[in-house]
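Colleague:
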Amino acid sequence: MLYIKCPYCGLRSQNEFAYGGDATIKRPNLNQEVSNTEWDNFVYLRKSPRGRHLEFWHHISGCRQWIKVDRDTATHEIFNTYKANEEV
Amino acid sequence: MQKYSVFSLIKNAFSNHKNWDVAWKDPSPKSEYDVIIIGGGGHGLATAYYLAKEHNITNVAIIEKGWIGGGNVGRNTTIIRSNYMHDENGLFSEFGMDLWRKMSQDLNYNVMFSPRGIINLAHSDAQMNAYSRRGNSMRLNGIDAVLLNREEIKKIIPMADFSENVRFPIFGGLMQPSAGTARHDAVAWGYARQADSMGVDIIQNCEVIGFDVSNGQIKGIRTSKGNIKAKKIGLCVAGSTNILAEKLNMTLPIETHLLQACVSEPIKPILDNVVTFGAGHFYCSQSDKGEMVMGGDLDGYNSYSQRGNLPTLQHVLTEGIAMFPFLSKLKMLRTWGGIMDMSMDGSPIIDKTHIKGLYLNCGWCYGGFKATPASGWTFAHTIAQDRVHKLNAGYSLNRFSTGHLIDEKGLGTKTWIS
């Protein structure tokens, strides 16, 4: 069981959260020409590192806020958590 | 190579089984090979076997970081099937079914292939319609499929929950009678033994540290046992694909996730088939030892840990008990996890890459084990001929950018979409 520290609610069990994937991926800017490569990178390509991974989680059975979690994908150690709009 | 038969068994019994040949050798790596396969799992071993058997390429090394068969080929739930709707998956898997049927004779190794049939349960009229469509697509591709109604299902699996007031009543199901199970470790060992006997070097406990690439051509690999040259290198490393891709400066449409499986204590024979729950993700069969073999959803977040987390197991087994209430009475014997190379459309990749001489075999998601022979066969063809076979033409790496995704279930890494 993971325990994730929601920046709004404090330490909560994994059961309250839904996973949202890699948080380092940036959507191409709106209202601008987007190349196929840029769109491909955004939609499909992922580094999926072994080790530290910054990822989105959704506190869906709690405050319903999206948050960022800095977690190790091999040990599941959680180093820090952030609000979704915080730059890391 | 010593042939395994009842006669060799009797003969060796007289010497207390002390004089059997080793099944495969433990060589040191040579400085150069024609082909190097990275990853000594089912797919890597099968690839080496078919390179030797079908293409007469025997100067081959398999490089394995741990021990052969220690990854997903030894961690799966042993299900073999070809019940796919789309042509790419259906034809590829059905080609594999033929190889499965011949495998024990072909490898002179009993892989205990047991075509006991798989039943996908349906829990609504809409799902029955979808299964009817899938079944028809399968039959058009020459794959056997039978649509069963509730009463017919009840005759086959009377211990399932057929009461009237359940949340997900059983409406019927789609059955592929020729699907089944096999002894997973034997598949790895059988391929390893034959590949070894044809001259393939199986090099275990050897980690790939880096690649030598110059002018867009692969030259060799750097390993913990020294540098090895080769003009052709195939990657068959499942959940570790992204780790090696990073060393090649490649980013792939793959995420590594953890999938758990478990077995109960052994019980008397009760379940003759493989059965899947249609209102969630749970599948179940009974092993020859009597254990109920069960699995289901991913843990749901990127993971390389090779061991699971209890919330997912609880979720999966809740579905199991909804389908087979008697499971709640059983004690759990073992649970374990393996790391899956989840592709973005849920279908695999067997293709060349932008680096000449580097070939990629990954993205097997939940279904790597059943694909072992077909994957090895087509990957060997792709490496030997330097071009994809028509069976794996749909499994291209660039299908994500060109829009030719194989929308079998369309979940890929994003399991929460379902």
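For the record, the sequence lines run as chains A and B.
If you want my numbering, it's the position in the first sequence, counting the first as 1, plus 11.
If you want my numbering, it's the position in the second sequence, counting the first as 1, plus 67.
No residue lacks a Cβ here, since even glycine has one placed at the ideal position from N, Cα and C.
Using only the alpha-carbon positions, how far apart do V102 of chain B and G287 of chain B sit?
Modeller: Each residue's alpha carbon lies about 10 Å from the other.
Colleague: Identify the contact partners of D13 of chain A in chain B, using a Cβ-Cβ distance below 9 Å as the criterion.
Modeller: It should be noted that the sequence gives Leu, not Asp, for residue 13 of chain A. Those are Y368, N376 and P378, listed as they occur along chain B.
Colleague: Per DSSP, M399 of chain B forms a beta bridge with which residues?
Modeller: M399 of chain B pairs with B:S331.
Colleague: Run through the DSSP bridge pairs and tell me what A197 of chain B is partnered with.
Modeller: Beta-bridge pairing links A197 of chain B to no other residue.
Colleague: Quick check: the Cα distance between I78 of chain A and M390 of chain B, rounded to an integer number of angstroms?
Modeller: Answer to the nearest angstrom: the Cα atoms are 36 Å apart.
Colleague: Taking the continuous beta strand (DSSP E) assigned at S352 of chain B, which residues delimit it?
Modeller: Element bounds for S352 of chain B: F349 to Q353.
Colleague: Please check if any C-beta of chain A sits within less than 7 Å of the C-beta of S485 of chain B.
Modeller: In this prediction, S485 of chain B scores a pLDDT of 49, lower than 50, which makes its location untrustworthy; no coordinate-derived value is stated.
Colleague: Considering only C-alpha positions, which residue in the set B:W91, B:I295, B:G138 and B:I337 is nearest to L408 of chain B?
Modeller: Just to set this straight, residue 408 of chain B is Asp in the shown sequence, not Leu. Ranking B:W91, B:I295, B:G138 and B:I337 by Cα distance to D408 of chain B puts B:G138 first.
Colleague: Might you give, ordered along the chain, the residues of its own chain that have their beta carbon closer than 7 Å to the beta carbon of Y117 of chain B, omitting 5 neighbours on each side?
Modeller: So the qualifying residues of the chain are G443, W444 and A447.
Colleague: Can you list, in chain order, the residues of its chain whose CB lies under 7 Å from that of I321 of chain B, leaving out five sequence neighbours each side?
Modeller: Excluding positions up to five away in sequence, the list reads T308, N309, D408, M409, S410, C429 and G430.
Colleague: Does the CB of A61 of chain A have a neighbour CB from chain B at under 7 Å?
Modeller: Looking at the sequence shown, residue 61 of chain A is not Ala but Arg. Yes, R61 of chain A lies at the interface with chain B (some Cβ there is under 7 Å from its Cβ).
Colleague: To the nearest whole angstrom, what separates the beta carbons of Y426 of chain B and I295 of chain B, a pair I think is in contact under 8 Å?
Modeller: In fact, because the Cβ distance is near 16 Å, the residues do not count as touching under 8 Å.
Colleague: If you run the structure through DSSP and keep just helix, strand and coil, what is F436 of chain B?
Modeller: Reduced to three states, the DSSP call for F436 of chain B is coil.
Colleague: Which parts of the stretch 204-256 of chain B are runs of the beta strand (DSSP E), unbroken and 3 residues or longer, counting only runs that do not cross its ends?
Modeller: With a minimum length of 3 residues, the continuous beta strand (DSSP E) runs that stay inside the stretch 204-256 of chain B are 213-216 and 239-243.
Colleague: Evaluate A297 of chain B with the Cβ neighbour count: other Cβ atoms within 10 Å of its Cβ, from every protein chain shown; 16 or more gives buried, anything less gives exposed.
Modeller: Classification for A297 of chain B: buried.
Colleague: For E155 of chain B, count the other beta carbons within 10 Å of its own beta carbon; 16 or more makes it buried, fewer makes it exposed. Which is it?
Modeller: Result: buried.
Colleague: Using only CA atoms, which one of A:M12, A:L13, A:Y14 and A:Y19 lies nearest to R75 of chain A?
Modeller: Measuring from the Cα of R75 of chain A, the nearest candidate turns out to be A:Y19.
Colleague: Mind pulling the chain A residues with CB within less than 9 Å of M407 of chain B?
Modeller: Residues of chain A passing the Cβ test: none, with the nearest at roughly 11 Å.
Colleague: Using 8 Å for Cβ pairs, my map puts H87 of chain A next to S372 of chain B. What's the rounded Cβ distance?
Modeller: Confirmed, about 6 Å.
Colleague: Looking at chain A, is there any beta carbon in it that lies within less than 7 Å of the beta carbon of M68 of chain B?
Modeller: False, the Cβ-Cβ gap to chain A never drops below 7 Å.
Colleague: DSSP has H64 of chain A in a bridge; who is on the other side?
Modeller: According to DSSP, which records beta bridges pairwise, H64 of chain A is partnered with A:R82.
Colleague: For a contact meaning CB atoms closer than 9 Å, what does F467 of chain B contact in chain A?
Modeller: What F467 of chain B touches in chain A: D51, V54, Y55 and L56.
Colleague: From the beta carbon of I285 of chain B, is the nearest beta carbon of chain A less than 7 Å away?
Modeller: For I285 of chain B, the answer is no, since every Cβ of chain A falls outside 7 Å of its Cβ.
Colleague: Between B:I185, B:I186 and B:S171, which has its C-alpha nearest M179 of chain B's C-alpha?
Modeller: Here the closest residue by C-alpha is B:S171.
Colleague: Determine, using beta carbons only, whether N216 of chain B comes closer than 7 Å to chain A.
Modeller: Chain A contact via Cβ: absent.
Colleague: Return the CA-CA distance between N52 of chain A and G347 of chain B, expressed in angstroms with no decimal places.
Modeller: Cα-Cα distance, rounded: 31 Å.
Colleague: What residue does the beta strand (DSSP E) around V342 of chain B start on, and which one ends it?
Modeller: Start and end: V341 to F344.
Colleague: Just mark A80 of chain B as buried or exposed, buried being the case when its beta carbon has 16 or more other beta carbons within 10 Å.
Modeller: With fewer than 16 other Cβ atoms within 10 Å, it is exposed.
Colleague: Run through DSSP, which three-state label would Y258 of chain B get?
Modeller: Three-state DSSP puts Y258 of chain B in a helix.
Colleague: Helix, strand or coil, according to DSSP, for I124 of chain B in the structure here?
Modeller: Reduced to three states, the DSSP call for I124 of chain B is coil.
Colleague: Looking at the strands, I want to know which residues DSSP matches up with L22 of chain A.
Modeller: Its beta-bridge partners are A:K16.
Colleague: Looking only at C-alpha atoms, which of B:A90, B:T402 and B:W256 sits nearest to A328 of chain B?
Modeller: Selected option, being the one with the closest Cα: B:T402.
Colleague: Name, going along the chain, the residues of the stretch 312-331 of chain B whose beta-carbon falls closer than 8 Å to a beta-carbon of chain A.
Modeller: Hits within the stretch, in order: E313, T318, L319, P320, I321, E322 and T323.
Colleague: Are N249 of chain B and T144 of chain B touching if we call contact CB-CB under 7 Å?
Modeller: Note on residue identity: the sequence assigns Ala, not Asn, to residue 249 of chain B. No, the pair does not count as a contact, with Cβ atoms beyond the cut-off.
Colleague: Could you pull the start and end residues of the beta strand (DSSP E) that T144 of chain B belongs to?
Modeller: T144 of chain B -> no beta strand (DSSP E), and no H or E assigned at all.
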